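S.K.:
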Amino acid sequence: MGANPHANGGRILRDLNLPDFHEYAVEVKQPATEHRESTRQLGAMLRDVFVKNAESANFRLFCPDETNSNRLNNVFDVENRCFIGRTISIDDHVNPAGRVMEVLSEHLCEGWLEGYLLTGRHGLFATYEAFAMVAASMIVQHTKWLEEATRLEWRVPIASLNILLTSTCWRNDHNGFSHQGPGPIDVMLSKRGTLARIYLPPDANCLLSVADHCFRSRGYVNLIVIDKQPQLQWLDMNTAIEHCLRGASVWHWASNDAGTEPDVVLAAAGDIPTLETVAAAWWLRKIIPELKTRVVNVVDLMTLFTPDAHPHGMEPARFEELFTAARPVIFAFHGYQRAIHEVGHGRPNPDRFHVRGFIEQGTTTTPFDMVVINSMSRFHLCIEALRRSERFANRAPELIEQFKQRITEAVAYSTKHLEDMPEIRDWVWSEV
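Residue numbers (our numbering): 83 to 514.
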């Protein structure tokens, strides 16, 4: 086996011929005014990855029966599902030479990808977020293999294990609690920083930038988390690239601190937390414009670590530039709350971080009701900001009651009409 050149796949690995991801950009003239399916843009990019690497035949998509569902079906413009058995007339894009490996087994898909990478090729494992946990132990073992491989000089680095988690805990249509679980983030946080990467792009342009970076990388496990449903688009491509390079940045257009010390920092990591955070900033500006807020968005979760804990960790001065030295931070997070406290360990004044995230409350319900039952809605974030703002302690109780009433009204409406209130469902950014 050792004599086979594929046994040391890095030696025969060829770079992917990647298309220019700018070509798939969503035009964003004004932030948060138009909805798009972000993963559909990635699907178009993947289609052309197949085209540009057809001759070398060194790229495959691995997906447990969800390629269409995850909005990646543009790949079927040029590729087929691989199946070497007998086909029938109603089979959809099925062919023995197909390079889309689609079978309803997370174990099988992840294992296939591992073998494909180890033998010198490239790929992407795309799956529903909750069901990535089915293959979590396999991902962990691959990470351990990568760590051991770095200690052997003769082992040449292989392409990274790239994982796209979509159909997330916050957006599941007709699916319920069984499909709601952000556990893969916690799994990856336990791995060494030299190998583990977690990206939470808030929109399509950030997703494209992150995907391009991950496909070019070597020797990592890259976790990309973003939903497939139509969502507001925040950043034009140039701004998105800069944001992704920084890993986290202030969204000045959504802030009203004008570069001064804010009363409170509103931070978010993840697409739905970003929506609720920016909407919270909008509501606070509308109801109490004197309250100075700073909106911070995090796309690379590992930047929150200290530099000695992870190579992507922010230096203290940069961390303070974003989150201030002492102001309260209301942090809306895609996953379990404890993750933010973990990555923020070692930062000054950690008690000022008040995290809202998934608290294992799930069901088949409306999108806004999901954030309500997990106490991460825009109105919950507004309430938390008012509670933590010392400058407006006298006015806070009255305003908090107003936001509590809005929560009550929203829940009553969705219970009666089985959809969210128009002012929530159709909310877009505007100057108030």
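Glycine is no exception: its CB is placed at the ideal position from the N, C-alpha and C atoms.
Since we're looking at a predicted model, the values are computed, not measured.
Whole beta strand (DSSP E) runs in the stretch 413-458 with 3 or more residues, listed along the chain?
M.R.: 435-438
S.K.: In whole angstroms, what is the alpha-carbon distance linking Leu195 and Glu188?
M.R.: As a position in the sequence shown, residue 195 is number 113, starting the count at 1. As a position in the sequence shown, residue 188 is number 106, starting the count at 1. One Cα belongs to Leu195, the other to Glu188, and the distance between them is close to 11 Å.
S.K.: By how many angstroms is the C-alpha of Met503 removed from the C-alpha of Ser138?
M.R.: Reading the sequence shown from its first residue, position 56 is the one you call residue 138. Reading the sequence shown from its first residue, position 421 is the one you call residue 503. About 51 Å.
S.K.: Near Tyr198, what residues of its chain come up, given a Cβ to Cβ distance below 7 Å and the 5 sequence neighbours on each side ignored?
M.R.: As a first step, residue 198 is located in the sequence shown; it is residue number 116 there, counting from the start. Only Arg142 and Gly205 meet the Cβ criterion.
S.K.: Start and end of the beta strand (DSSP E) containing Gln313?
M.R.: Locating residue 313 in the sequence shown gives position 231, where the first residue counts as 1. Unbroken beta strand (DSSP E) run through Gln313: Pro312 to Leu314.
S.K.: Kindly indicate which three-state DSSP category Leu481 falls into: helix, strand or coil?
M.R.: In the sequence shown, the residue the question calls residue 481 occupies position 399. Note: Leu481 maps to helix in three-state DSSP.
S.K.: On the three-pair Cβ rule with 8 Å, is the stretch 96-107 touching the stretch 171-179?
M.R.: no
S.K.: Do you know whose CA, among Thr209, Val425 and Val332, lies nearest Pro146's CA?
M.R.: Taking the first residue of the sequence shown as position 1, residue 146 is located at position 64. For Pro146, the nearest C-alpha among the options comes from Thr209.
S.K.: Run through the DSSP bridge pairs and tell me what Cys251 is partnered with.
M.R.: Counting from one through the sequence shown, the residue named residue 251 turns up at place 169. According to DSSP, which records beta bridges pairwise, Cys251 is partnered with nothing at all.
S.K.: Cβ atoms of Ser299 and Cys326: under 8 Å apart, would you say?
M.R.: Sequence index remark: in the sequence shown, residue 326 carries index 244 (1-based). Sequence index remark: in the sequence shown, residue 299 carries index 217 (1-based). No. Outside cutoff.
S.K.: If contact is defined by three or more beta carbon pairs under 8 Å, each pair taking one atom from either stretch, is the stretch 256-273 in contact with the stretch 86-100?
M.R.: no
S.K.: When DSSP labels each residue in this structure, what does Ile240 get in the three-state scheme?
M.R.: The residue you call residue 240 lines up with position 158 of the sequence shown. In this structure, Ile240 counts as coil in the three-state DSSP scheme.
S.K.: I'd like the list of long-range same chain contacts for Asp294, defined as Cβ closer than 7 Å, with 5 residues on each side in sequence excluded.
M.R.: Here residue 294 refers to the residue found at position 212 of the sequence shown. Cβ neighbours of Asp294 beyond the five flanking positions: Leu100 and Phe103.
S.K.: Could you pull the DSSP bridge partners for Thr209 from this structure?
M.R.: The sequence position of residue 209 within the sequence shown is 127, counting from 1. Looking at the DSSP assignment, Thr209 forms a beta bridge with Leu247.
S.K.: Taking buried to mean at least 16 other C-beta atoms within 10 Å of its own C-beta, is Glu483 buried or exposed?
M.R.: Taking the sequence shown and counting its residues from 1, the one referred to as residue 483 is at position 401. Burial call: exposed.
S.K.: Can the beta-carbon of Arg460 be found less than 8 Å from the beta-carbon of Val346?
M.R.: Here the question's residue 460 lines up with position 378 in the sequence shown. Here the question's residue 346 lines up with position 264 in the sequence shown. Taking a C-beta distance under 8 Å as the contact criterion, Arg460 and Val346 do not qualify as a contact pair.
S.K.: Does DSSP classify Leu383 as helix, strand or coil?
M.R.: In the sequence shown, the residue the question calls residue 383 occupies position 301. Helix, per DSSP.
S.K.: Would you tell me roughly how many angstroms separate the C-alpha atoms of Gly91 and Arg203, rounded to the nearest one?
M.R.: Counting from 1 along the sequence shown, the entry for residue 91 is found at position 9. Counting from 1 along the sequence shown, the entry for residue 203 is found at position 121. The straight-line gap from Cα to Cα measures roughly 8 Å.
S.K.: Among Ile267, Thr446, Phe405 and Ser219, which one has its Cα closest to the Cα of Gly439?
M.R.: One-based indexing of the sequence shown puts residue 439 at position 357. Answer by Cα proximity: Ile267.
S.K.: For Ser496, count neighbouring Cβ atoms within 10 angstroms of its own Cβ and tell me buried if that reaches 16, exposed if not.
M.R.: What you label residue 496 is simply residue 414 of the sequence shown in a count that begins at 1. Its Cβ being crowded by 16 or more others within 10 Å, Ser496 is buried.
S.K.: Grab the span of the alpha helix (DSSP H) containing Met183 for me, first residue to last.
M.R.: Stepping through the sequence shown from its first residue, residue 183 is reached at position 101. It is not in any alpha helix (DSSP H) - Met183 instead sits in the beta strand (DSSP E) that spans Val182 to Glu184.
S.K.: Tell me the DSSP secondary structure of Ile47 in three-state form.
M.R.: In the structure displayed, the chain extends from 83 to 514; residue 47 sits before or after that span and is not available.
S.K.: Could you name each continuous alpha helix (DSSP H) segment of 4 residues or more that falls completely within the stretch 256-303, going from the start of the chain to the end?
M.R.: 265-271 and 286-298
S.K.: On the criterion of 16 or more Cβ atoms from any shown chain inside 10 Å, does Gln123 qualify as buried, or is it exposed?
M.R.: Sequence index remark: in the sequence shown, residue 123 carries index 41 (1-based). Result: buried.
S.K.: Using the Cβ count rule (16 or more neighbours within 10 Å means buried), how would you classify Ala475?
M.R.: Within the sequence shown, the letter at position 393 stands for residue 475. Classification of Ala475: exposed, given that the 10 Å Cβ count is below 16.
S.K.: My guess is that Val29 and Ala217 are in contact by the Cβ rule of under 8 Å, so how many angstroms apart are they, rounded?
M.R.: Outside the displayed range of the chain (83 to 514) lies residue 29, so it cannot be described from this structure.
S.K.: Cα separation between Trp509 and Arg153?
M.R.: Locating residue 509 in the sequence shown gives position 427, where the first residue counts as 1. Locating residue 153 in the sequence shown gives position 71, where the first residue counts as 1. Their backbone Cα atoms lie some 23 Å apart in a straight line.
S.K.: Going by DSSP, name the residue or residues bridged to Arg163.
M.R.: Your numbering for residue 163 matches position 81 in the sequence shown. Residue pairing for Arg163: DSSP places it in a beta bridge opposite Val176 and Val182.
S.K.: DSSP puts Cys331 in a beta bridge; with which residues?
M.R.: Position 249 of the sequence shown, counting from 1, holds the residue named residue 331. The amino acid occupying residue 331 in the given sequence is Ser; Cys does not appear at that position. Asn379, per the DSSP bridge assignment.
S.K.: Count the other CB atoms within 10 Å of the CB of Ser272; is the residue buried (16 or more) or exposed (fewer)?
M.R.: The residue given as residue 272 occupies position 190 in the sequence shown. A residue is called buried once 16 or more other Cβ atoms fall within 10 Å of its Cβ, and Ser272, having fewer, is exposed.
S.K.: Under 8 Å, do Ala363 and Val377 count as touching if we go by C-beta distance?
M.R.: On the sequence shown, residue 363 is found 281 positions in, with the first residue counted as 1. On the sequence shown, residue 377 is found 295 positions in, with the first residue counted as 1. In this structure, Val377 lies closer than 8 Å to Ala363 by Cβ.
S.K.: Would you check if the stretch 344-360 and the stretch 298-314 touch, i.e. whether three or more CB-CB distances between them fall below 8 Å?
M.R.: yes
S.K.: Throw me the rounded Cβ distance for the Thr375 and Asn338 pair, which I believe falls under 8 Å.
M.R.: As a position in the sequence shown, residue 375 is number 293, starting the count at 1. As a position in the sequence shown, residue 338 is number 256, starting the count at 1. With a Cβ gap of about 6 Å, Thr375 and Asn338 count as contacting.
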